[in-house]
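Protein chains in written order, with full-length UniProt numbering: chain A, 1 to 716; chain B, 1 to 716.
Spelled out as structure tokens, the structure:
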């Protein structure tokens, strides 16, 4: 064991010879320690970390995962998995995020930096035993200290490097569906949004835009003049966001295939031949994203699309998902052929069914190919969780070469900590299940803890058929997530905002308008969270220290001013909300109408009709708000609306920047610093403008603890 | 359309020539009406019933089904299905229960008596449209009127005949697991219960007790002297409950097979040959339970086991479940053989996977066999939902021949209304998912509405691995369900009460003890519910008329005195509870310790530690309670404990009978009628004993609305 002091609060313990995942950007200095803090460690073939939890301990983290924000009770396996039917018993989802925070008498974070399978048994096998098992003893374990979970997260965000920042337009609404097959379909979608006056910034292109599912090609029948079409749609106010898949079709003459073969850029099998597995295009090779040259090569392929006017992408199938390999298919077919007698015994029958059902994403296949990491040949299975990460890194690094000061939109399905510097994520193929709204809510702060800020789920659910209520309630939550995309699978019921009745369309439209009106706050909080290493979404106990706050699994703090309490149950027209202090409630039907109510600290039952979105403004906090428009670029920023709930003094820094470049990193951003101070019956307002040239007027609704409203206007 | 007046409140509308399902026991007299009340009807090939719901309408019913007690938002297909992975998108579960109650400005019930597929689209396709689609126009539709849902249910229970009554011992705890393979295993289980002093009445035998899964055989290696073993185990205090499967193994010389062939008692294929499909024993034939002679024949086969001392059974695989047929297997293998090229296109690949994954319970197979119903040859698909019903009827009718005045325990997986007269049900192969505890809670009153009273779920979950908390919380709910059985699948984590740590064992044991102490109340309420056509479990709005009560999906009324509010969320040590009136809370850790608290009407947050079971006694209601023991027969009934929450007057009828015979139907039962009347600072207690010879003493805890307790004792 070697020990490194990374920062004052972070120590790294190195066992064996870990593969450098580049999750952490700081190296630190070697120091001496003969044992780990907090954890018992055992290692031989595997490495095991043990901790005795108290009954009251809460365990936060693990990013994209099942169960509660409090991960207690579960067993989790970090192993990026394409499992669209992720029922509660599934242990692995699309991402692998090995960071947890123990929040008890001891408070500390653990990051297990190992790119293969890591198991977190958090009170599953024994109710108060935390056990982390790493499949090999080559691993870096980071222990992060801090006086509170919030501080521990800040320390952790400090060592993994700054999170991805998308262009501002990416905070607009995105419409997607696997099944929009050609320019006619896309145009029709665009027209529907325009006709129905529903704000929207982008339409995603799923696999059908490509020629036979080949990356960096366009199906010319579906899109005869793609470049012209991109321009035409952009003039209507929408950007197109094409999908890029990990697998490269094996096809003679196809440039990406030919170049990959020529330069040995594909992952290889045990004979050194390009590894073969089938995904959408049929049999494919897989770019070796862990090979820096291959990564650079593939990334620059995106230029084919950026040259056509594309400014955003989603990287899919990069766990990597495998439908089948020749090995698996052969095994299955042979088993089937051997079953050609009528009275198959029942165990043979189940074995036969299994061999077909388990052909996809089979561990034997993951163990059957290799990466070339700077000359070292590494079995894929051991570095599995780095694949999607490095595919997205490949694109992210290329964008800086393609246009060094332009932000591109990029989000990925698979991920590992480290990838958060290059792109966002969506939470994979969920379902139109009410349970998956709640899962969506719970995942958000856990992902923030692991560095992922540009995040969101497939609103309305990807698989299964949605009903109106569910699409309404899911949109009413997703308006708060940085990535706000309605996406669904081919063959499921349509769930665009206008796909249901008039009343449902109206409700969803009002919700989306509210999102656009919230963008000044959302963008400001997003950017400040990243710049100050705060979280955008937090469990409420990260701010409030009472015992009850630690139990709340269905409310979130959003930025520094808001608390949200989404409705996620069928037929519910109300819900319970716990308030750790008095807050100001605004039930939003139409963001233009403001009606506030002071809700008292404690347990409350809230009526929430189908067209209502409850929003809580914390005490002595400020919400800034603008006006909706048809897309982000057309937002009118001349007037800012402030809603403040003030007992004595509230402060807010409203951040803004150009939304497109990285100039903010050089200090080119603006701030409007607002301070409201109660002064007898009135308020003193102080506004300092540091460089904002758009806002001309700020209208204030200041509400006191008794619910009295004072309105003020300040011109800048 | 023909119309029949069944009772004052029930009208039957007959379309075409329906098959007589015998769900309803009354025939009524023909009368004239030219249209249905409430519903619009369209028919041609299909029959469609339409109703425009109001937003506030609640739709109750549908028995064993997904989603809420309020069925709004869902689409449901009545088609008994063996689907152990029943995620929220699944439309069919194991039972088919076509009764709903519309609870709005109009209040009425609808029972669609059709034994094939019926679809209930309850605001799924359009949020306020109720649409019922029957696949053919040969159907009886019953419209049931009443002034409240409770009255409508009572009317409905009146036309479908009296529900099944099990022996009293069946209200004890049952331990089960697929995987207890022989007498040694069973004995070990029994010993563990004895050693740990955990009350238990029965141990279930899953498929392994049989010789190669053949019904009415005993594996002689596993149970060398079965009769002796049954006796031995019974002397230790436990009954054995063997499973009976629907499929009969094709095996020359096997009596059941030979007799079935000889007498043409098996379902036939389209050539008139016995239909072949594989289940646990490999290829099987299926007794034609719709043929009255075959039904009688199969039922009397149970005598093989009753002669060995068996007094209870569970009927399984009777949807009927089909793993594969020669047709399906051949199709799959042929598809596999045709796929023997490496670059399978992706659609062919999915088709290949599908043909294997969809081999089980395939509609083509259900359409491929026939029943002989009194000489009429009927395709199985059209009467699919009658199969499990008539298998259980087969046993139920036989028991009356085997021993006419003895109650046998009998519960089934598949069911249709009508079967409620012959046996209970368990809710099929659920999972160790928290979501399935909630589903369990919601199903219970819906099943009562459809006549099923002896009901319960696999406590702890059948599939997937359970953790300690989940098993604790599930047991804490199941102590209230008439069927209380812990059951799990082979290969999953063990979940017997003693399988976890000492503390968990203690908590579950205390919960089971509480169950046994509650048996006086549970049995009394069960019997009175059946005799008076009331429900045992009710949504709280069936008793309370306020708007909020209609929204509550996670609390139940249990009998006439209690309300329960189970905890069903991971890590939760509290929950919200809505009280429509003041109630008396008893948080039960150990039923021997009584501490009460008056909880005020309205919304309440309740702390509920892992070892606590919150129980609410309604105002002016009485709970009767006994003492726990190791099994039901050994319960000491000499002392009855009464806990009463009295504002002015509370009345209770404590019912009891011999627990074993049907003499209660001839009036041979006892009642103790208790009346407690507040009289200034004191209470008048009146106790009338109508024939109870066991109770000698009643101890009273009488609590007033301020929480003051008065203790009294009355000797009988």
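For every residue, glycine included, the Cβ atom is placed at its ideal position computed from N, Cα and C.
Can you grab the Cα-Cα spacing for the pair residue i / residue j, in whole Å?
i             : j             : result
residue 404/A : residue 467/B : 51 Å
residue 68/B  : residue 439/B : 8 Å
residue 202/B : residue 565/A : 46 Å
residue 94/B  : residue 83/B  : 7 Å
residue 52/B  : residue 149/A : 52 Å
residue 482/B : residue 499/A : 45 Å
residue 677/B : residue 563/B : 22 Å
residue 620/A : residue 445/B : 47 Å
residue 400/B : residue 408/B : 9 Å
residue 109/B : residue 146/B : 8 Å
residue 712/A : residue 517/A : 19 Å
residue 490/A : residue 459/A : 15 Å
residue 416/A : residue 378/A : 18 Å
residue 360/A : residue 323/A : 4 Å
residue 431/B : residue 86/B  : 9 Å
residue 426/B : residue 312/B : 14 Å
For residue i, name the three-state secondary structure that DSSP assigns.
i             : result
residue 452/A : coil
residue 310/B : coil
residue 325/A : coil
residue 86/A  : coil
residue 250/B : coil
residue 583/A : strand
residue 121/B : strand
residue 565/A : coil
residue 137/B : coil
residue 574/A : strand
residue 113/B : strand
residue 688/A : strand
residue 647/A : coil
residue 242/A : strand
residue 67/A  : coil
Under the assumption that residue i contacts residue j (Cβ atoms under 8 Å), give the Cβ distance between them as a whole number of angstroms.
i             : j             : result
residue 552/A : residue 586/A : In fact, because the Cβ distance is near 20 Å, the residues do not count as touching under 8 Å.
residue 138/A : residue 17/A  : 5 Å
residue 178/A : residue 241/A : Not a contact, Cβ separation roughly 13 Å.
residue 690/B : residue 714/B : That belief does not hold up - the Cβ atoms of residue 690/B and residue 714/B are roughly 15 Å apart, past 8 Å.
When DSSP builds the beta bridges, which residues end up paired with residue i?
i             : result
residue 174/A : 202/A and 485/A
residue 780/B : With chain B represented from 1 up to 716, any question about residue 780/B goes unanswered, as that position is not in the structure.
residue 721/A : Given a span of 1 to 716 for chain A in the structure shown, any question on residue 721/A remains unanswerable.
residue 189/A : None, per the DSSP bridge assignment.
residue 614/B : 587/B
Closer than 8 Å to a non-hydrogen atom of the ligand NAP - does that hold for the CB of residue i?
i             : result
residue 400/A : For the ligand NAP, the structure offers nothing, since it holds no ligand at all.
For this session: Pair every Cβ in the stretch 394-410 of chain A with every Cβ in the stretch 291-301 of chain A, then say whether three or more of these pairs are closer than 8 Å.
Result: yes
Exercise. Between the stretch 347-356 of chain A and the stretch 265-283 of chain A, do three or more beta carbon pairs fall short of 8 Å?
Worked result: no
Exercise. Any contact of the stretch 605-619 of chain B with the stretch 201-216 of chain B, i.e. 3+ C-beta pairs under 8 Å?
Worked result: no
Exercise. Counting pairs of Cβ atoms below 8 Å between the stretch 151-171 of chain B and the stretch 443-460 of chain B, do you hit three or more?
Worked result: yes
Exercise. Given 8 Å as the limit, is there contact between the stretch 160-172 of chain A and the stretch 121-136 of chain A, that is, 3 or more CB pairs closer than that?
Worked result: no
Problem set entry | the stretch 640-657 of chain B in contact with the stretch 620-629 of chain B per 3-pair CB rule at 8 Å | yes
Exercise. Given 8 Å as the limit, is there contact between the stretch 677-693 of chain B and the stretch 529-548 of chain B, that is, 3 or more CB pairs closer than that?
Worked result: no
Exercise. Can at least three beta-carbon pairs, one atom from the stretch 189-197 of chain B and one from the stretch 47-67 of chain B, be found at a separation below 8 Å?
Worked result: no
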